[in-house]
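I have placed the structure first, in the form of structure tokens, so that the comments after it can refer back to it.
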Amino acid sequence: MLNLFKYELFSRWRVILGWGIGLSMFSALYVGVYPSFADQMAAFAQVEFYKLLGMDLASFAGYIASIVIQILPIILGVNVIMLATGTLAGEEDNGTLELVVAMPLHRWQIVAMKTAALLIVILLIMLVFGAGSALVLAVVEATTDVVIDTTPMQLYGALLGAYPLMVAIFGISLFLGTFMPSRRSAMSLMIFIYIASYVINSVGNLVESLHWLRTLSLFSYVNTTVTVFTEGHDVGKSLILLAVGAVFFGLALWSFAGRNITVGQWPWQRSHKPA
């Protein structure tokens, strides 16, 4: 069991470095250009399109919260979906899952070890991403006269605070990978859910009468406003996201236990005994 965990973890070092450094470069781009456009940001803050997306561009802290804290974790979420749907459903599609289930392990142990390893992979990506972003902010802070109202450590903590959102996304994606007939169908449905969740949150922010819809969106449980640097993420909402991830992890255990490997059936088409 430990060998499976180590393989899942260490075989993805390229993913960790690639996504961690890649997101850091995106962050460096957005943070680095701010001093050159600081005077124009106040005008952008009045644009309705940015308001629709919930962006506050009136200050540096608001700009960073709106771009780095809100947008870049959303990009990371796409990678989380690919990882979660690829670890079981993807292996089933390419024919390697049969070798995994042939190991002297219970199916729940396979799911548990893969989940533990991939959640660590996601955390390591965020640690690299957060450290890179904080370093860039420290350099900008030391080399510009523009008022920087956010510290590198505040930025680092705010980025890591989005980890519960990644856990929830991973849990739902993992379940869909064990529930749907193929990885393609699982990923397609999860991408639809992901986009719909973001749109619902944006519309709820813009239209007061539809504000209640935000409770249906995963993104509403993450603080992407300027207050994230002083107040942090809401602990209660973070626990809700972790609970969502745990519930769907349990559903993935149940679904995978009865899955006929390589058959590609819907749950109601499956026999009582897994292949």
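The sequence shown begins at 147 in our numbering and counts up one residue at a time.
Just so you know, even glycine gets a beta-carbon here, dropped at the ideal spot from N, CA and C.
Between the region 281 to 289 and the region 247 to 260, the count of C-beta pairs closer than 8 Å stays below three; the two stretches do not touch.
Counting only the Cα atoms, V313 lies some 6 Å from L388.
Within the same chain, and ignoring the five residues on either side of W165 in sequence, the residues whose Cβ sits closer than 6 Å to its Cβ are N225 and I271. For S363, the secondary structure class from DSSP, reduced to helix, strand or coil, is coil. Its chain contains G307 and N369 as the residues whose beta carbon lies nearer than 6 Å to that of H379, once the 5 sequence neighbours on both sides are disregarded; these appear in chain order. Closest option to N149, judged by alpha-carbon separation, among L169, K260 and V214: K260. Contact between L359 and V349 holds, since their C-beta atoms are separated by about 7 Å, short of 8 Å.
Distance from the CA of E237 to the CA of I315, rounded to the nearest whole angstrom, comes to 19 Å. In the structure shown, the three-state DSSP call for P310 is helix.
Pairing I227 with Y367 gives a Cβ-Cβ distance that is not under 8 Å. Contact annotation: F275 and L305 have beta-carbon atoms nearer than 8 Å. DSSP, reduced to helix, strand and coil, places L251 outside both helices and strands of the structure shown, so it counts as coil. Nearest to R405 by alpha-carbon distance, out of D239, Y309, T324 and S384, is T324. Rounded to the nearest angstrom, the gap between the Cα atoms of F183 and Y302 is 23 Å. CA-to-CA, the gap between V285 and S384 works out to about 31 Å.
Within a 10 Å sphere around the beta-carbon of S279 sit 16 or more other beta-carbons, which makes this residue buried. In the same chain as F151, and ignoring 5 residues on each side of it, the C-beta atoms closer than 7 Å to its own belong to M259, A262 and A263, in chain order.
When only Cα atoms are considered, H357 and F365 end up about 13 Å apart. Residues of the same chain with a CB within less than 6 Å of the CB of A332, apart from the 5 flanking positions on each side, are T231, A235, L322, G323 and M326 in chain order.
Counting C-beta atoms within 10 angstroms of its own C-beta, S355 has fewer than 16 neighbours from the protein chains shown and is therefore classed as exposed.
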